[in-house]
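Visitor: Numbering (our numbering), first residue to last: 4 to 147. Just so it is clear, CB atoms sit at the ideal spot from N, CA and C, and this is done for glycine as well. Since the model is a prediction, treat every value here as computed from it, not as a measurement.
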């Protein structure tokens, strides 16, 4: 639970300090990175190791893709006023859940960190993956 709260708070602080444009670009870049990562033809060749090293290689690959996507999306995202505090909290929590779901379901984070039995269902259930996936995007649309 602590990792989820810490991630949501970090995202909230980033959103408050960076502004709407960079925040929206960051959230959208996660979607772009996931799309590219899921079809990247050399992923299996890069992630030959097991355990923590496989997670680190996957994380670096995903981070590079997300960074490139952020750079491109940020170029076209317009910087408006900040979201309201309530909107930022909702979007931050949903984005934190989306990131943890990606870490556990796509990047094999469980080899490095165990969040415990109560929360494992929230981030590893394949049906909940869809809701964590669309949650931040829906919040951006509905709360903007």
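Which of helix, strand or coil does DSSP assign to residue 53?
Guide: Counting from one through the chain shown, the residue named residue 53 turns up at place 50. Residue 53 falls in the coil class under three-state DSSP.
Visitor: Please report the residue range of the alpha helix (DSSP H) in which residue 93 lies.
Guide: Along the chain shown, read from residue 1 onward, the residue named residue 93 stands at position 90. Per DSSP, residue 93 belongs to the alpha helix (DSSP H) from 88 to 108.
Visitor: My output table needs one value for residue 115: the three-state DSSP class, helix, strand or coil.
Guide: Here residue 115 refers to the residue found at position 112 when the chain shown is read from its first residue. Note: residue 115 maps to coil in three-state DSSP.
Visitor: Closer than 8 angstroms by C-beta to residue 124: which residues in its own chain qualify, once you throw out the five before and the five after it? Chain order, please.
Guide: In the chain shown, the residue the question calls residue 124 occupies position 121. Answer for residue 124: 131, listed in chain order.
Visitor: Report back the beta-carbon spacing between residue 29 and residue 73 to the nearest angstrom; my notes put them in contact at under 8 angstroms.
Guide: In the chain shown, counting from the first residue as 1, residue 29 sits at position 26. In the chain shown, counting from the first residue as 1, residue 73 sits at position 70. That pair is a contact at about 6 angstroms.
Visitor: What residue from 91, 33 and 15 has the CA that sits closest to residue 64's CA?
Guide: What you label residue 64 is simply residue 61 of the chain shown in a count that begins at 1. When each option's Cα is compared against that of residue 64, the closest is 33.
Visitor: Apply the 10 Å Cβ neighbour rule to residue 138 and answer buried if 16 or more other Cβ atoms are within range, or exposed otherwise.
Guide: As a working mapping, residue 138 is identified with position 135 in the chain shown. Classification for residue 138: buried.
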